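Taken in order, these protein sequences are the chains called A and B. Counting in my numbering, the final residue of the first sequence is number 228, and the numbers go up one at a time with none missing. Counting in my numbering, the final residue of the second sequence is number 228, and the numbers go up one at a time with none missing. Cβ atoms here follow ideal geometry from the backbone N, Cα and C, with glycine treated the same way. On a predicted model such as this, the values are computed, not experimentally measured, just so you know. Worksheet: one structure, shown below.
Protein chains: 2
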Amino acid sequence: MKKNSMIERKNSGLLIVISGPSGVGKGTISEKLIEKFNSWKSVSMTTRNPREGENDGEDYYFVSVDEFENRINDDKFIEYAKYNDNYYGTPKDKLIEHMEAGIDSILEIEVQGAKNIKDMFNDAILIYIAPPSFDALRERLLNRGTESEEEIDKRMNIAKKEIEYLDIYDYVVVNDDLELATREVIEIINSEKLRTSRVLKVNI
Amino acid sequence: MKKNSMIERKNSGLLIVISGPSGVGKGTISEKLIEKFNSWKSVSMTTRNPREGENDGEDYYFVSVDEFENRINDDKFIEYAKYNDNYYGTPKDKLIEHMEAGIDSILEIEVQGAKNIKDMFNDAILIYIAPPSFDALRERLLNRGTESEEEIDKRMNIAKKEIEYLDIYDYVVVNDDLELATREVIEIINSEKLRTSRVLKVNI
């Protein structure tokens, strides 16, 4: 007969929020997490138009304003917000489904969405991926070559504004070396799984 | 010229509290941490008599009740408590010195001491090392062969009582496999160093 483990942990999946400026490497780090933890990445829904190269159901679910507002009324979002006249939201059903099945969920969302999630799920883990420096971030965006100078300036301004809200995040990981940054995020998730708040039962 | 790092972190050392029942392997794990992080382990002071094999200044500082009480009056303890008519305390000076020098401090103390530390230092990291099961713990104590059956029963009862206070700890690590448990504690410490609360300054 197998002895009873003293510590039994909750089986629910972690809710992991990854934010950071455009170009910082969030997407690459998220992909490595999905691989490592067999986790799942939530796809946000938006009413903005797809950009070149973006695919429906992959980068976002692209829907009409009418459809989005119907879903708001039907309570289909964990959280949503409006920026520049466009809605952005996190669909509820799939997220709850995965969490209950014990699968860690990754949300790649921006500051306001992250704050909404933390307000609702106190045990969500908020990780901000920061560039080594703002100059380095600008260089990366330039090297990527997918944005105009004007667009890059705009993103830099957003990044500088967002960083003021850094303290809503639990952790900040600097992505100077992708391998190191990925390892650090993995260590954060590993250690979050060891939290006492995730202990379900103690067998005495 | 070196570019300014965007994120500058505090240089202060972490305060790491390790608790767990007698025989669970706290000491071995602490030693590995000292090696890995070049950290420092605080030696507690007590008025109880040294047991066989215990060395002054290593296992404890052994002092008289008078000396202990003088030190209480001189505010020389971070925290102290009395059990079974014996005082136990954590000397203040060295701990503060090491923290300020950016050296992580390890405190191997029991539940009441851990709670006192957390009340004072909200960012102290409290880690409870648990045995895989209570039966496994009893076996380990039996195999160690340094305690009488009666003494083992007493320790088992203390362990069962202490575990009720598990929720004051931030993390619980099960020591079934020493190498894994050590790695888990190292990951906890690594990730705690990445907390947003340890960000000193953001250079924009």
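| query | result |
| --- | --- |
| Under 7 Å (Cβ pairs) to chain A, residues found in the region 178-211 of chain B | K184, I187, L190, D191, Y193, D194, Y195, V196, V197, V198, E208 and E211 |
| Minimum Cβ-Cβ distance from A125(A) to chain B less than 8 Å | no |
| First and last residue of the uninterrupted beta strand (DSSP E) at E103(B) | F101 to Y107 |
| Minimum Cβ-Cβ distance from P155(B) to chain A less than 8 Å | yes |
| Buried versus exposed call for N140(A) [16 or more other C-beta atoms within 10 Å across all chains shown] | buried |
| Contiguous alpha helix (DSSP H) assignments of at least 4 residues, all confined to the region 27-80 of chain A | 50-61 |
| Buried versus exposed, by CB contacts within 10 Å (16 or more), N62(A) | exposed |
| Interface positions of the region 26-54 of chain A facing chain B (Cβ-Cβ less than 9 Å), listed along the chain | K27, N28, S29, M30, I31 and R33 |
| DSSP beta-bridge partners of N110(B) | Y107(B) |
| Beta-carbon proximity check, I127(B) vs G37(B), cutoff 8 Å | yes |
| Buried versus exposed, by CB contacts within 10 Å (16 or more), M25(B) | Caution is warranted here: a pLDDT of 44 is assigned to M25(B), below 50, making its placement in the model unreliable, and the coordinate value is therefore given only provisionally. M25(B) comes out exposed. |
| First through last residue of the alpha helix (DSSP H) which encompasses A183(A) | E173 to E186 |
| Minimum Cβ-Cβ distance from R219(A) to chain B less than 8 Å | yes |
| Exposed unless 16 or more other CB atoms sit within 10 angstroms - verdict on V89(B) | exposed |
| Per-residue DSSP class, three states only, for S221(B) | helix |
| Expected contact under 8 Å - CB spacing of L218(B) and V197(A) to nearest Å | 6 Å |
| Neighbour-count burial assignment, A125(B), 16 or more Cβ in a 10 Å radius | exposed |
| Helix, strand or coil at E163(B) according to DSSP, with G and I counted as helix | helix |
| Cβ pair V209(B), I31(B) closer than 8 Å | no |
| Beta-bridge pairing of E82(B) - partner residues as DSSP gives them | Note: E82(B) sits in no beta bridge, so no partner. |
| Within chain B, the residues that I228(A) reaches when beta carbons sit closer than 7 Å | F158, K184 and I187 |
| Contact under 8 Å by Cβ, S43(B) with E134(B) | yes |
| Boundaries (first-last residue) of the alpha helix (DSSP H) holding I141(B) | V135 to M144 |
| Helix, strand or coil at M25(A) according to DSSP, with G and I counted as helix | Unreliable placement is indicated for M25(A), whose pLDDT of 44 sits below 50; the coordinate value is still reported in the next sentence. It is coil, neither helix nor strand. |
| Distance between beta carbons of R179(A) and P45(A), contact taken as under 8 Å | 7 Å |
| Closer than 8 Å to chain A by CB, N97(B) | no |
| S63(B) at chain A interface by Cβ criterion, 8 Å | no |
| DSSP three-state assignment for S215(B), whether helix, strand or coil | helix |
| Where A154(B) sits in the DSSP three-state scheme | strand |
| Chain-ordered chain A contacts of V223(B) [CB-CB under 7 Å] | L190 and V196 |
| Cα-Cα separation, I120(B) to T71(A) | 54 Å |
| Under the three-state DSSP convention, the category Y195(B) falls into | strand |
| Collapsed DSSP secondary structure at I130(A) in the structure displayed | strand |
| Where T52(B) falls, given that 16 or more other Cβ within 10 Å makes a residue buried | exposed |
| Cβ of N167(B) within 8 Å of any chain A Cβ | no |
| 8 Å Cβ cutoff, N214(B) in contact with chain A | yes |
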